[in-house]
Structures are given as C-alpha cells and as structure tokens.
Amino acid sequence: MSWKVRRSSVKCLEALIESRRDLLLSFYASLCPALLARFKEREENVRADVFAAFSTLLRQTRAASGHRGLVVPAAPSHSDPRSVDVEEEEEPAVAMLKKQVENERQTV
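When the letters of the sequence shown are read in order and numbered with full-length UniProt numbering, they come out as residues 1 to 108.
1. Does DSSP put Arg6 in a helix, in a strand, or in coil?
2. When the Cα of Ser30 is compared with those of Arg47, Leu57, Glu44, which residue comes out closest?
3. Assuming Glu90 and Gln60 make a contact with CB atoms under 8 angstroms, what is their CB distance in whole Å?
4. Can you list, in chain order, the residues of its chain with a C-beta nearer than 8 angstroms to that of Gln100? Leave out the 5 residues immediately preceding and following it.
5. Closer than 7 angstroms by C-beta to Ser8: which residues in its own chain qualify, once you throw out the five before and the five after it? Chain order, please.
6. Where Arg47 and Glu14 are concerned, what is the direct C-alpha to C-alpha distance, given to the nearest angstrom?
7. Can you list, in chain order, the residues of its chain whose CB lies under 7 angstroms from that of Leu97, leaving out five sequence neighbours each side?
8. At the level of alpha carbons, what is the spacing between Ser26 and Arg105?
9. What separation, rounded to the nearest whole angstrom, lies between the Cα atoms of Ala93 and Leu24?
Take a look at the structure:
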C-alpha cells in the first residue's frame, strides 16, 4: 500500500477522533491498537502523522475526563494495602489506555 494512502488514512482517523469524543471508548478498543502497531511505520512522514493521531486521542481523553457521567470506581490495588481503604474513581477511557499500554509493554 502506498505511503500516501497510509498517511491519508491516518489523517482521516485523526479527524474522526477529534470530532467524535462520544466514541472514545470504542476508539480505545479498535483504533488504539492499530495506531500503536503503526508506530513502527517505515516512512517518517506517515509515522509523524500516526504520533499526531495518537496525541489527539490522548488529548480527547484528557478533555473527556472532566465529564462526571463517564467516571466509574477503580478496582482496589492488592499490592498497596493503603489503596484498599480509599476508593478512587477512574475514567473508563483512562483505564482502557492503561490496559493498552500494559499490553504493548508486555509485547516488547
């Protein structure tokens, strides 16, 4: 596939991420793994656009974290006994991001 097609595809994904914040959880399930896989892109200009799209995804996550309707309680950590007493709340998109990062870290 041509680098021009790959670059245009990434730009379309970035526009979709920017305009549809309501689909953020879906993006983490479908687009995040694809973007992470494209970090190894051989063309520098395409890779730069992939980083820009992922950066947009992170910015949208930060912007959406202010909405209280999306917050769910986080699971207590068994490694830290102090965290069992304090119930923290975590944004679902942030939880999905952490999960994706953990999956990528394990593959490396």
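Every residue, glycine too, gets a C-beta built ideally from N, C-alpha and C.
In terms of the structure at hand:
1. Three-state result, Arg6: helix.
2. It is Leu57 whose Cα lies nearest to the Cα of Ser30.
3. With a Cβ gap of about 17 angstroms, Glu90 and Gln60 do not count as contacting.
4. Excluding positions up to five away in sequence, the list reads Tyr28, Cys32, Pro33, Leu36.
5. Cβ within range, chain order: n/a, list empty.
6. Taking the straight line joining both Cα atoms gives about 13 angstroms.
7. Short of 7 angstroms from the beta carbon of Leu97, and not among the five residues preceding or following it, lie these beta carbons of its own chain, in chain order: Tyr28, Thr61.
8. Ser26 and Arg105: Cα-Cα distance of roughly 21 angstroms.
9. Inter-residue distance for Ala93 and Leu24 is about 7 angstroms (C-alpha atoms, whole angstroms).
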